[in-house]
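*Asks:* By the working numbering, the letter at position 518 of the sequence shown is numbered 518, and the numbering carries on one by one without gaps.
Mind having a look at this structure? Questions to follow.
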Amino acid sequence: MLKHLFEPIKIGKFKIKNRVKYAACSVSNFNNPDGTVSERELARMRVVAKTGCGIITNQGAYPDKEGYGKGYARQLAIYDDKFIPGLRKIAEIIHNEGAVAIQQILHAGRYGGYDTGIALQPSPVPQKLRHYRPVREMTKEEIKKVINDHAEAARRAIEAGFDGVEITAFMGYLLANFLSPFTNKRTDEYGGDLEKRCRFMVETIEAIRGKIGDDKLISIRLNGAELLDEVGGSTEEECLEYMKIAEEAGVDIISIVVGWHESSKGALGRDLPTTQWLYLAERAKKHLKVPIAFGPRFGDPRLADKAIADGIIDLWEICRPALADPEILHKAKEGRFDEIKPCLGGLMCLSTMFHDLPYICTVNPRIGHEIEPEYEIKPAVRRKKVVIVGGGPAGLECAITAAKRGHEVILYEKEDRLGGQLIPASKEIGGGYVFLDLIRYYEVQLKKHGVKVYTGVEVTPEIIMKEKPDVLVLATGATITKDYDEVNGVKVYTAIELLKDEKIVEEIGDNVVVVSGERAGLVAAEYLAKKGKKVTIVEESKKIAKDVIPTFKWRHKLWVRELGINVITEGKIKEIRENKCIVKTKNGDVEVPADAIVLGGPRKPINGLWSSIEFLADEKYIIGDAVLPRSIAYAIHEGYKLGARI
């Protein structure tokens, strides 16, 4: 069906089986602290190798013994020949699946110095983000040494069996620091005009080519846009010039990336359309002859196939969509698009990595646990009848996982549709539709694996007694409670009921006070403001978004500002009067217009049924928000783990 995506391409002497390049996908933090390859990482790479990609790029390894290039707690190292045996195992895993193997070399530069406490970069431009280390300007001697470090690292990669290397001139790492006028203020031959800022990159490419020869591949990842206009970063036109100069220097592949870690605008989240950055590749393709690999936010294989057919890109570079569903290529090739588990674009993977933890995926609980037998979906020793109460993400994931193992699974949902809190979450103004995509995926899987589903049924002990389950799972989720529907003529709603019912939005009035700046309250406030309502958030604590993951916290704060939402922190509603409420703050009482009040929290678990089921099943479990309201990642992961061990 996707004939362009799966046609071969020749790059250098290598015939590549399809047009898909697996990106290095950040740093997993699965390896050993000394930079050696762990068994956990090898198990993960076996999954990556089986994705079917024609080129697979291994995650970035830092090239310097001093460790200035090390940006992450368990980043791979390649500064010594002692690392070759471990890397050779990865190259063999990739080759065993018929893919071309590329080793990425990643000197983190401005974001490095994990163990040294000091980061190196061209000029001593202070950090914008507090969690990175203080910076020091590099001497010319250090520049020459780092260039040689890259060349020696490339030699080791080739000796380990890789077919080429990739250098990282993007996202705020060292080569990008030299390219960008934001971080390169040098006045010598390595700074100043555009060509001088490119000198470090050119000399690095030439040094690598001198070590590995002409018959091996050199890929370079370059920013199509830095998104650093407010601090004097490179323009998009300059980014294109960097690509032209890299091509002249002799690279074989140019991979286009977008943004730095400290960019004020997002580049990869679900708040952006999937084709947001495709124009960067289209423009580059008009000026370059070398193959262009592209993938930022570009997660649909059908769109990738069209982009290749239209001559916009040569290679689809895939990362997060393959984390969410490692079988995405195989399903796409067979036309099973409705079976692809969607990446939610919440960037949980980056949030954990930035906190020096192994990266995880919200929707794929197996990532990083491939070596652990308890995470495998194996045929059940004894087929059991499993009744699951609740059709939210925890219950849906548990049902599908248990059914895959051969259990008889019955799922009950009290609402007339599946999804639970994925439904109100889908009203998020920035890409919330993806939660509906996830529901559709679950519905397809339930049907495929024979799960019997009852919607519009509130489960009672009598229903459970009638079913006679071997296993009973409560995945009944959480809710927001309210004591009154109306106070002095002011209607009171919860964020959940408002986001589920468009009629409420139509009748709610112009002035709305949302109580709680937690995620549910924020989604409701932003949704109402987008509809033209005048919204005030009242939050008891000092900050809003306290339950939002770091990679989306700043987005919500930005939306609040852009939509003109009034925020009162350290405030509490003291009194509700006709068409207004009195908010108590540390600076005194504030009067706020209010046609309606929306309660955005706190969320409370729905688990009242638990006390009635002690003698209704042999095995009883409770998972997800029914235990404690948390994020969707906990719900999905708990549902999977229980389904895998019932």
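Note that beta-carbon positions come from the ideal geometry of N, C-alpha and C, so glycine has one too.
#1: Just to confirm the assignment: which complete alpha helix (DSSP H) runs, minimum length 4, are found wholly within the stretch 26-80?
#2: Apply the 10 Å Cβ neighbour rule to K21 and answer buried if 16 or more other Cβ atoms are within range, or exposed otherwise.
#3: With respect to the alpha helix (DSSP H) encompassing Y621, which residues constitute its N-terminal and C-terminal limits?
#4: Pull up the distance between the alpha-carbon of P126 and that of A644, whole angstroms please.
#5: Which partner residues does D589 have in the DSSP bridge list?
#6: Taking only three categories from DSSP, how would you classify Q276?
#7: Suppose you measure from the CA of E339 to the CA of K553; what does that come to, to the nearest Å?
#8: Mapping DSSP to helix, strand and coil, what is P662?
#9: How long is the line joining the alpha carbons of H637 and H407, rounded to whole angstroms?
#10: Look at I102 and E166 and say whether their C-beta atoms are less than 7 Å apart.
#11: Since T204 sits in a beta bridge, which residues does DSSP pair it with?
#12: Using alpha carbons as the reference points, say which of K482, G477, V523 lies closest to Y647.
#13: Contact between the stretch 266-278 and the stretch 420-432 is defined here as three or more beta-carbon pairs at a separation below 8 Å; is this criterion met?
#14: Leaving out five residues before and five after C361 in sequence, what residues of the same chain have Cβ atoms less than 7 Å from its Cβ?
#15: Within the same chain, show all residues whose beta-carbon is closer than 8 Å to that of G311, passing over the 5 residues directly before and after it, in chain order.
#16: What do you get for R302, buried or exposed, if any count of 16 or more other CB atoms within 10 angstroms of its CB means buried?
#17: Taking 6 Å as the line, does the beta carbon of E591 fall inside it for any heavy atom of the ligand GDP?
#18: Does the pairing of the stretch 593-606 with the stretch 495-505 give three or more beta-carbon distances under 8 Å?
#19: Tell me the DSSP bridge mates of T479?
#20: In the structure shown, what three-state DSSP assignment does Y433 receive?
#21: Taking its Cβ as the centre, do 16 or more other Cβ atoms sit within 10 Å of T649, making it buried, or is it exposed?
#22: Just how far apart, CA to CA, sit R603 and I565?
#23: Measuring CA to CA, which of L175, P326, Y68 is closest to C53?
#24: Roughly how far, in whole angstroms, is the beta-carbon of G172 from the beta-carbon of R110, given that I think they are within contact range, below 8 Å?
#25: Quick check: I84 and R156, are their CB atoms within less than 7 Å of each other?
#26: Please classify S26: is it buried, with 16 or more other beta-carbons within 10 angstroms of its beta-carbon, or exposed?
#27: Exposed or buried, what is Y442 when buried is set at 16 or more other beta-carbons lying within 10 Å of its beta-carbon?
#28: Within its chain, find whatever has a CB closer than 7 Å to the CB of K13; leave out the 5 residues flanking it on each side and keep chain order.
#29: Grouping DSSP H, G and I as helix and E and B as strand, with all else coil, what is V548?
#30: What does the Cβ neighbour count give for P33, buried or exposed, with the cut at 16 atoms within 10 Å?
#31: Would you mind giving the Cβ-Cβ distance between I568 and V590, rounded to the nearest angstrom? I have them listed as a contact below 8 Å.
#32: Name, in chain order, the residues that DSSP records as bridge partners for M171.
#33: Are D252 and I292 closer than 7 Å when you measure CB to CB?
#34: Apply the 10 Å Cβ neighbour rule to T481 and answer buried if 16 or more other Cβ atoms are within range, or exposed otherwise.
#35: So, helix, strand or coil for V410, using DSSP?
#36: Since A388 and V409 are thought to touch, with beta carbons under 8 Å apart, how far apart are those beta carbons, to the nearest angstrom?
*Replies:* In short, the structure shows the following:
#1: 39-49
#2: As a working mapping, residue 21 is identified with position 21 in the sequence shown. Its Cβ being crowded by 16 or more others within 10 Å, K21 is buried.
#3: Counted from its first residue, the sequence shown places residue 621 at position 621. Per DSSP, Y621 belongs to no alpha helix (DSSP H); it is in the beta strand (DSSP E), 619-622.
#4: Locating residue 126 in the sequence shown gives position 126, where the first residue counts as 1. Locating residue 644 in the sequence shown gives position 644, where the first residue counts as 1. So the alpha carbons of these two residues sit roughly 48 Å apart.
#5: One-based indexing of the sequence shown puts residue 589 at position 589. D589 pairs with K584.
#6: Position 276 of the sequence shown, counting from 1, holds the residue named residue 276. Three-state result, Q276: coil.
#7: Within the sequence shown, numbered from 1, the residue matching residue 339 stands at position 339. Within the sequence shown, numbered from 1, the residue matching residue 553 stands at position 553. Roughly 30 Å separates the two Cα atoms.
#8: The structure shown does not extend to residue 662, since the chain is modelled only from 1 through 646, so no value can be given for it.
#9: On the sequence shown, position 637 is the one that residue 637 refers to. On the sequence shown, position 407 is the one that residue 407 refers to. Taking the straight line from one Cα to the other gives about 19 Å.
#10: Residue numbering aside, residue 102 sits at position 102 when the sequence shown is read from its first letter. Residue numbering aside, residue 166 sits at position 166 when the sequence shown is read from its first letter. Yes, the pair counts as a contact, with Cβ atoms nearer than the cut-off.
#11: The residue given as residue 204 occupies position 204 in the sequence shown. In DSSP, T204 forms no bridge with anything.
#12: The requested residue 647 does not occur in the structure, where the chain is confined to residues 1 to 646.
#13: yes
#14: In the sequence shown, residue 361 corresponds to position 361, counting from 1. Excluding sequence neighbours, C361 sits near L323, A324, M348, C349, I367.
#15: Against the sequence shown, residue 311 aligns to sequence position 311. Once the five neighbours on either side are set aside, the close Cβ partners of G311 are K285.
#16: If you number the sequence shown from 1, residue 302 lands on position 302. R302 is exposed by the Cβ-count criterion.
#17: The ligand content of the structure shown is nil, which means the ligand GDP is not present either.
#18: yes
#19: Taking the first residue of the sequence shown as 1, we reach residue 479 at position 479. The partner list for T479 (beta bridge, DSSP) reads K604.
#20: Within the sequence shown, residue 433 is the residue found at index 433, counting from 1. If DSSP states are grouped into helix, strand and coil, Y433 belongs with the helices.
#21: The chain is shown only over 1 to 646; residue 649 falls outside these bounds and no answer can be derived.
#22: For the purposes of this step, residue 603 is taken as residue 603 along the sequence shown, with counting starting at 1. For the purposes of this step, residue 565 is taken as residue 565 along the sequence shown, with counting starting at 1. For R603 and I565, the gap between their C-alpha atoms comes out near 22 Å.
#23: For the purposes of this step, residue 53 is taken as residue 53 along the sequence shown, with counting starting at 1. Looking at the Cα atoms, P326 is the closest of the given residues.
#24: Walking along the sequence shown from the start, residue 172 turns up at place 172. Walking along the sequence shown from the start, residue 110 turns up at place 110. About 5 Å separates the two Cβ atoms, so the contact holds.
#25: Here residue 84 corresponds to residue number 84 of the sequence shown, with the count starting at 1. Here residue 156 corresponds to residue number 156 of the sequence shown, with the count starting at 1. Cβ distance < 7 Å, so I84 and R156 count as in contact.
#26: Here the question's residue 26 lines up with position 26 in the sequence shown. Buried: at least 16 other Cβ atoms inside 10 Å.
#27: Counting from 1 along the sequence shown, the entry for residue 442 is found at position 442. Burial call: buried.
#28: As a first step, residue 13 must be located in the sequence shown, where it is residue number 13. Contacts found: D215.
#29: If you number the sequence shown from 1, residue 548 lands on position 548. Coil at V548, not helix or strand.
#30: As a working note, residue 33 is residue 33 in the sequence shown. P33 comes out exposed.
#31: Taking the first residue of the sequence shown as position 1, residue 568 is located at position 568. Taking the first residue of the sequence shown as position 1, residue 590 is located at position 590. Right, the Cβ-Cβ distance comes to about 7 Å (below 8 Å), so this counts as a contact.
#32: In the sequence shown, the residue the question calls residue 171 occupies position 171. Answer is W260, bridged to M171.
#33: Translated into the one-based positions of the sequence shown, residue 252 becomes position 252. Translated into the one-based positions of the sequence shown, residue 292 becomes position 292. Not in contact: D252 and I292 (Cβ atoms no closer than 7 Å).
#34: Here residue 481 refers to the residue found at position 481 when the sequence shown is read from its first residue. So T481 ends up on the exposed side.
#35: Residue mapping note: residue 410 aligns to position 410 of the sequence shown, counting from 1. What sits at residue 410 in the sequence shown is Ile, not Val. Three-state DSSP puts I410 in a strand.
#36: Residue numbering aside, residue 388 sits at position 388 when the sequence shown is read from its first letter. Residue numbering aside, residue 409 sits at position 409 when the sequence shown is read from its first letter. The sequence given here places Ile at residue 388; Ala does not occur at that position. Indeed, because the Cβ distance is near 7 Å, the residues count as touching under 8 Å.
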